[in-house]
Amino acid sequence: MVVETVALLQARTGLGPVRRLRDEILPALTVTWVDADLHRTALDATLAGTRDVSLVDHTSFALMRRRNIRRAFAFDEHFAQAGFELEGTSP
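Numbering (the working numbering), first residue to last: 284 to 374.
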């Protein structure tokens, strides 16, 4: 998600907000880095799926399944379609 957030900020608002994310927000978060096995699992799922679900989403799904996380704070319906409960969406 860091990669997706940086890409969005950089494209829409420039590098200043990316620096702020790095300096002020990321230190307060626990970031789990993708290892080769997780990447392979997510890439296989991406290739087996449809083109509208991203590699980033499949990576999140694989990590959440490994850690038995059932609830996501997300606005992306792909999480619900993948079987996760959503927080942060309107009823």
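Idealized CB from N, CA, C, for every residue including glycine.
| query | result |
| --- | --- |
| Does DSSP put Leu312 in a helix, a strand or coil? | coil |
| In terms of residues, what are the limits of the beta strand (DSSP E) holding Phe356? | 354-356 |
| Might you give, ordered along the chain, the residues of its own chain that have their beta carbon closer than 6 Å to the beta carbon of Phe344, omitting 5 neighbours on each side? | Ala365 |
| Relative to the C-alpha of Asp335, which residue among Met347, Leu312, Ile352, Asp359 is closest? | Asp359 |
| With distances taken between CB atoms, is the gap from Gly332 to Phe356 smaller than 9 Å? | no |
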